[in-house]
Amino acid sequence: MFLRENHCSRVIDIDEIDSQKLSKRMKYRNKPFNELRKRFRKEYLGELVQRYNERPSRELRINEIVLIGDDNTKRLFWRLARIIELIPGRDGKIRTVRLRMEQCCAQSNESFP
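If you read the sequence shown in the numbering used here, its first letter stands for residue 1, the second for the next number, and so on.
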């Protein structure tokens, strides 16, 4: 009665572990984390609203150095440019600028002083 071998407590041989089973298990364990991250980005970050700063922003000037915003790159790697022309909108406010970058000229609405 006490001399029986207990099969439940045996250690699995490392050669018996299948890599596909490990991959499936890893995906299964990562799924809740990835879903939570996706939900956080979609719901919480989508609900955050930037507060409007009621102070008027500083007007852009010719020969001023600005950053050119890009959604696909980090702010650290945004390009620098010099304003060479200010183009007002229908309301008289500066809406577009002509820029001189290192290699060419461009127009942009995404410049930041």
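Don't be surprised by glycine CBs; every beta carbon is placed ideally from N, CA and C.
Q) How many Å lie between Leu80 and Asn30 at the Cα? A) Here residue 80 is taken as the residue at index 80 of the sequence shown, counted from 1. Here residue 30 is taken as the residue at index 30 of the sequence shown, counted from 1. About 40 Å.
Q) Across which residues does DSSP place Arg29 in a beta bridge pair? A) As a first step, residue 29 is located in the sequence shown; it is residue number 29 there, counting from the start. In the DSSP output, where bridge partners are listed per residue, Arg29 has none listed.
(Q) Give me the residue from Leu67, Thr73, Asn72 and Lys74 with the minimum Cα distance to Arg98. (A) By one-based count along the sequence shown, residue 98 stands at place 98. Closest in alpha carbon position to Arg98, among Leu67, Thr73, Asn72 and Lys74, is Leu67.
Q.
Between which two residues does the beta strand (DSSP E) holding Ile65 run?
A. Sequence index remark: in the sequence shown, residue 65 carries index 65 (1-based). Residues Ile65 to Ile68.
Q | For Arg90, the three-state DSSP class (helix, strand or coil) | A | For the purposes of this step, residue 90 is identified with residue 90 of the sequence shown, where counting begins at 1. Arg90: coil per DSSP, three-state reduction.
(Q) Can you give me the C-alpha to C-alpha distance between Asp18 and Phe33, rounded to a whole angstrom? (A) One-based indexing of the sequence shown puts residue 18 at position 18. One-based indexing of the sequence shown puts residue 33 at position 33. The alpha-carbon separation between Asp18 and Phe33 amounts to approximately 24 Å.
Q: Helix, strand or coil for Leu60, going by three-state DSSP, please let me know.
A: Stepping through the sequence shown from its first residue, residue 60 is reached at position 60. Here Leu60 sits in coil by DSSP.
Q. Taking Cβ to Cβ, would you say Ile65 is nearer than 8 Å to Leu86?
A. As a first step, residue 65 must be located in the sequence shown, where it is residue number 65. As a first step, residue 86 must be located in the sequence shown, where it is residue number 86. Cβ atoms of Ile65 and Leu86: not closer than 8 Å.
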